[in-house]
Every structure is written in structure tokens, then in C-alpha cells.
Amino acid sequence: MDETAPALDPSARAILQQLADVALPSPVSWMPQTIGWAFVGLILVLMAIYAGWRWLKRYRANRYRREALAELARLEAAIADPQTRPEALCEIPALLKRTALAAWPREAVAPLSGQEWCAFLEHSGDLGGRPTGIHDVLQDIEYRGRAALMALPENEYRAIAASARRWIERHHVPA
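Just so we're aligned: the sequence shown equals residues 5 to 179 in the numbering used here.
Written out as C-alpha cells, the structure reads:
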């Protein structure tokens, strides 16, 4: 059985030869067609530039904070070692003072010590913890001997380091 297509009559063949492909429309442009969309696009670009500028400004302004946190991480590693624990603990108040001097005017921070210093730390940022424990240690840590510092419980060391980290991360500098 040989199946062949039936022959077309000449009029059908002529009609089929006159058929052409469908003309496709031109692709839609991504360019805005009206001035309003161009204006909206310009506003969005300007807002993105402004947001980037603000982020960069804040990032640069918090450089001292990142450096203080890196130094505190080094001190926390030293606190984990019982041999270097007292020396590392003695460096925390100095780190807090340097951080405060980087953020506030020297005249406002440099003369503070004792109760005034602890009140400043509490007022400018959340030190956390118990005021009678951590504040007492921060006030006179430089004057305690190595034996007195070694006698502190380990959780007190961690609480002091955590309080310092909390203050460095959360202190508020007035504009």
C-alpha cells in the first residue's frame, strides 16, 4: 500500500503560494515612554545614591567601634586563659575610656573617674548587669592586686567582658 498525498488542484496551489508568514510586532522597549517614568526613575536613583552615602558615612563613623570590638575580642580570648586573665581584665576599663574618647569630646570624658565614670557609662549606653558588682569592679580594677583579681569568680570575668561588649555595641553618641 503506497500512500501518497493527493495532488492539489491548480487553484488551491496558487492560493497556498500567496500565503506569507505572520508579521511580528516590534519588541516592546524598556525605555520609559513618558517623562513621568523617567522622573520616577531619576528619583529612585537619587534615593539609592543618598542611602549609599548615608551608609558609608555611618560605616566610617563607627570605625572606632569596630576597632574596640576587635580589641575586646582579643581581651576575651586572654580572659579565657587563667594565667592572663587578671591582665586582660585590667585592660577593659582603659579600652572603654579610649572608646569613649573616640566618640565624645575629650573635655567631657577625660576627667571622669570613679562613680562619675560609671554613671557616664550607664547614661550613655546599657552596661547591663548588676550595678553593685560590675560597677565596683570597673571603678577600682587598676588598684586591685593580682591575687584579688584571681579570686573573682569566672562568671564575674565573663559578665564584665559582656558588659563592656554591650556598652561598645550600644552606646549612644549625641548628634
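Glycine residues also receive a C-beta, built at the ideal position from the N, C-alpha and C atoms.
Checklist entry - Going by other Cβ atoms of all chains shown within 10 Å of its Cβ, with 16 needed for buried, is V32 buried or exposed? => result With fewer than 16 Cβ atoms within 10 Å of its Cβ, V32 is classed as exposed.
Next on the checklist: Any contact between the stretch 65-80 and the stretch 94-103? By contact I mean 3 or more CB pairs, one from each, below 8 Å.
Outcome noted: yes
Checklist entry - Helix, strand or coil: which one does DSSP assign to V141? => result helix
Next on the checklist: Just to confirm before moving on: does the CB-CB distance between L76 and R169 stay below 7 Å?
Outcome noted: yes
Checklist entry - CA-CA distance, R148 and L142? => result 11 Å
Checklist entry - Using the rule of at least 16 other Cβ atoms within 10 Å of the residue's Cβ for burial, across every protein chain shown, is G129 buried or exposed? => result buried
Checklist entry - Just checking my contact of A106 with H175 at CB under 8 Å: how many whole Å lie between their CB atoms? => result Not quite, the Cβ-Cβ distance comes to about 11 Å (not below 8 Å), so this is no contact.
Checklist entry - What's the C-alpha gap between T136 and Y63? => result For T136, the pLDDT reaches just 46, beneath the cut-off of 50, and the residue's location in the model is therefore unreliable, although a value from the coordinates is still provided. Distance between the alpha carbons of T136 and Y63: 35 Å.
Next on the checklist: For the stretch 153-161 against the stretch 82-100, do three or more pairs of beta-carbon atoms, one drawn from each stretch, fall closer than 8 Å, so that the two count as touching?
Outcome noted: The answer is yes - the stretch 82-100 touches the stretch 153-161, with three or more Cβ pairs under 8 Å.
Item to check | Test: L125 CB closer than 7 Å to a CB of chain C | outcome: Within the model displayed, chain C is absent; a lone protein chain is all it includes.
Checklist entry - Is the beta carbon of A165 sitting closer than 7 Å to the one on E80? => result Yes; because the gap between Cβ atoms is below 7 Å, this pair is in contact.
Checklist entry - Going by the CB atoms, is the gap between W171 and L125 shorter than 7 Å? => result The answer is yes: Cβ separation under 7 Å.
Checklist entry - Considering R62, what are the terminal residues of the alpha helix (DSSP H) in which it resides? => result I39 to A65
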